[in-house]
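Notes to accompany the following structure.
In structure tokens, the structure reads:
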């Protein structure tokens, strides 16, 4: 319409005007958020509490359709974060997705430990809480085996459990679950004997306080909070993206203390002495030999995972005796790979397909 | 064509953020930082432990239960409760097997 130089400037002007309008909308959205904040709706998938022990609750999700896959799935989340990362919100829920594909889905809600729970040992978590939850799922479903899905520390638990009780496990799914704790990750450096006097910490605090763990996670990437604020700004004109972002941030700040004696053993045996990957870890006197795992194994790692570097999780594949085993490395971070916007087309589909072939 | 200032700003921010994060990553895993972190943590927590022990001893001297006493009792109660539940489950299973 205009001569070439003017075309360039009019295009630029249109772009600037668009940016100005967009930033204006974001500013209004920002003020609406501050003046009328709506709490995020998380863990929306209906479930029933079928078993309780101390603070632990075992939940069975209600399905709208009849489950056509007899092998139930028991999800074991990390004990320092709330379980609903796996059921974040409608449309961003791995639980909801698997229910939709006809699976019978259960989950452990570890609960919030009180001061006296500092005496709960790591062994009790494996051979006590987790073992009884597994048995309860098998008893109530009438099945002899189940699929065990562990995420993060929950995945370390499930790997140990599978090594000790392999006969109960048909399929083992490890999501961003550290097995080799001596890696390039910064957490490995911080938890070393030189940097982290574990006995002094546990004796002083009892339960490892969530604020201290949260601080360490923030220091994994100190600029992250600022980067997230910029990310939020870019999403403010899209209500759905804003809600997704705020729901995830809400979960990130909803942490849980780590029971003291369990934490002592976890840090000493895993991070400092790295006994698990060497098959030298002991639980109630039994050696945890990962080579005893024969269940079908799917190990998932994330390329930008600062908490569980990919190799730290993938090493399990080399240690088990399973005939059917696979490593899946996906783009994303520790949380994004499971609950990010791309998870529904990435991990969930692959996980659903893998389980579908092995849950008949 | 004149660049979109928003895009320029975002690119500059992303570069700054990555470089700053890389710098901190290197610093926070350096031997000097790790040693300092361990020492600071140990010393500050030892002070806390001394204070906690003094408070605990004072309560004991006053014939009052301290925090650790209460935790032990509550923990024991929880264990007993779990044992009762397990026994109950075993009885249920035995009765179910007997038909």
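Chains as they are written, first to last, in this note's numbering: chain A, 7 to 366; chain B, 1270 to 1368.
Don't be surprised by glycine CBs; every beta carbon is placed ideally from N, CA and C.
Check whether residue i and residue j have beta carbons under 9 Å apart
i: residue 84(A); j: residue 159(A); result: yes
i: residue 109(A); j: residue 361(A); result: yes
i: residue 276(A); j: residue 182(A); result: no
i: residue 186(A); j: residue 317(A); result: yes
i: residue 385(A); j: residue 178(A); result: This structure leaves residue 385(A) out entirely; chain A is present only between 7 and 366.
i: residue 358(A); j: residue 104(A); result: yes
i: residue 162(A); j: residue 156(A); result: yes
i: residue 334(A); j: residue 305(A); result: yes
i: residue 48(A); j: residue 115(A); result: no
i: residue 77(A); j: residue 112(A); result: no
i: residue 65(A); j: residue 54(A); result: yes
i: residue 228(A); j: residue 1278(B); result: no
i: residue 150(A); j: residue 174(A); result: yes
i: residue 1310(B); j: residue 198(A); result: no
i: residue 122(A); j: residue 1354(B); result: no
i: residue 319(A); j: residue 338(A); result: no
i: residue 87(A); j: residue 260(A); result: yes
i: residue 1435(B); j: residue 192(A); result: There is simply no residue 1435(B) to check, as chain B begins at 1270 and stops at 1368 in what is shown.
i: residue 330(A); j: residue 364(A); result: yes
i: residue 271(A); j: residue 127(A); result: yes
i: residue 348(A); j: residue 124(A); result: no
i: residue 188(A); j: residue 140(A); result: no
DSSP beta-bridge partners of residue i
i: residue 87(A); result: 261(A)
i: residue 81(A); result: 113(A), 155(A)
i: residue 302(A); result: 177(A)
i: residue 319(A); result: Its beta-bridge partners do not exist; DSSP assigns none.
i: residue 335(A); result: 307(A)
i: residue 288(A); result: 293(A)
Sequence-distant residues of its chain with Cβ nearer than 8 Å to residue i (five each side left out)
i: residue 1324(B); result: 1335
i: residue 332(A); result: 303, 304, 305, 323, 360
i: residue 1372(B); result: Shown here, chain B extends from 1270 to 1368; a query on residue 1372(B) therefore has no answer.
i: residue 226(A); result: 192, 193, 312, 313
Close Cβ partners of residue i (< 7 Å) along its chain, the five nearest in sequence each way excluded
i: residue 263(A); result: 119, 213, 214, 215, 216
i: residue 36(A); result: 242
i: residue 135(A); result: 59, 62
i: residue 96(A); result: 50, 102
i: residue 195(A); result: 201
i: residue 296(A); result: 165, 169, 285, 322, 325, 326
Neighbourhood of residue i by C-beta distance below 6 Å, restricted to the same chain and skipping five residues each side
i: residue 131(A); result: 268
i: residue 294(A); result: 166, 169, 287
i: residue 256(A); result: 46
i: residue 52(A); result: 68
i: residue 143(A); result: 78, 80, 112, 152
i: residue 278(A); result: 199
Amino acids of chain C, ordered along the chain, whose beta-carbon sits closer than 8 Å to that of residue i
i: residue 1354(B); result: Absent here is chain C; the protein component of the structure consists of chains A and B.
Any non-hydrogen atom of the ligand ATP within 8 Å of residue i CB
i: residue 1316(B); result: Looking for the ligand ATP in the displayed structure turns up nothing, as the structure carries no ligands at all.
**Study point:** beta strand (DSSP E) segments (min. 3 residues) lying fully within the stretch 152 to 213 of chain A
**Key:** Complete beta strand (DSSP E) runs here, min 3: 152 to 157, 175 to 181.
**Study point:** Completely contained beta strand (DSSP E) runs for the stretch 47 to 75 of chain A, where each covers 3 or more residues
**Key:** Whole beta strand (DSSP E) segments, 3+ residues: 53 to 59, 62 to 67.
**Study point:** Contact list for the stretch 1305 to 1317 of chain B against chain A, Cβ threshold 8 Å
**Key:** Taking 8 Å as the Cβ-Cβ cut-off against chain A, the residues of the stretch 1305 to 1317 of chain B that qualify are 1306, 1307, 1310, 1311, 1314, 1315, 1317.
Review point. When you check each C-beta in the stretch 1271 to 1283 of chain B against every C-beta of chain A, which residues fall closer than 8 Å?
Key: Residues of the stretch 1271 to 1283 of chain B with a Cβ closer than 8 Å to any Cβ of chain A, in chain order: 1271, 1273, 1274, 1275, 1279, 1282.
**Study point:** Positions along the stretch 92 to 125 of chain A whose CB lies within less than 8 Å of some CB in chain B
**Key:** Here the close residues are 120, 121, 122, 123, 124, 125.
**Study point:** Against chain B: residues of the stretch 187 to 210 of chain A by CB proximity under 8 Å
**Key:** So the close ones are 192, 195, 196, 198, 200, 201, 202, 203, 206, 207, 209, 210.
Review point. Taking Cβ-Cβ distances below 7 Å as the criterion, which residues of the stretch 57 to 89 of chain A are in contact with chain B?
Key: The stretch 57 to 89 of chain A vs chain B, Cβ under 7 Å: 59, 60.
Check your understanding: the stretch 19 to 32 of chain A: which residues have C-beta closer than 8 Å to a C-beta of chain B, in chain order?
Key -> Across the stretch 19 to 32 of chain A, CB contacts with chain B closer than 8 Å involve 21, 22, 25, 29, in sequence order along the chain.
Practice item. Quick one: which unbroken alpha helix (DSSP H) runs of 4-plus residues sit fully inside the stretch 225 to 281 of chain A? Chain order, please. Key: Here the runs fully enclosed are 230 to 241, 245 to 258, 266 to 271.
Check your understanding: What residues in the stretch 218 to 244 of chain A have a beta carbon less than 9 Å from any beta carbon of chain B?
Key -> Residues passing the 9 Å Cβ filter: 225, 226, 227, 228, 229, 230, 232, 233, 236, 240.
Exercise for review: Return the chain-ordered ranges of every beta strand (DSSP E) run that is complete within the stretch 1278 to 1330 of chain B and spans a minimum of 3 residues.
Suggested key: Segments of the beta strand (DSSP E) lying fully in the stretch 1278 to 1330 of chain B: there are none.
Exercise for review: Give the residues from the stretch 1283 to 1298 of chain B that approach chain A closer than 8 Å (Cβ to any Cβ), ordered along the chain.
Suggested key: Those residues of the stretch 1283 to 1298 of chain B that come within reach of chain A (Cβ to Cβ, closer than 8 Å) are 1286, 1289, 1290, 1293, 1294, 1297, 1298.
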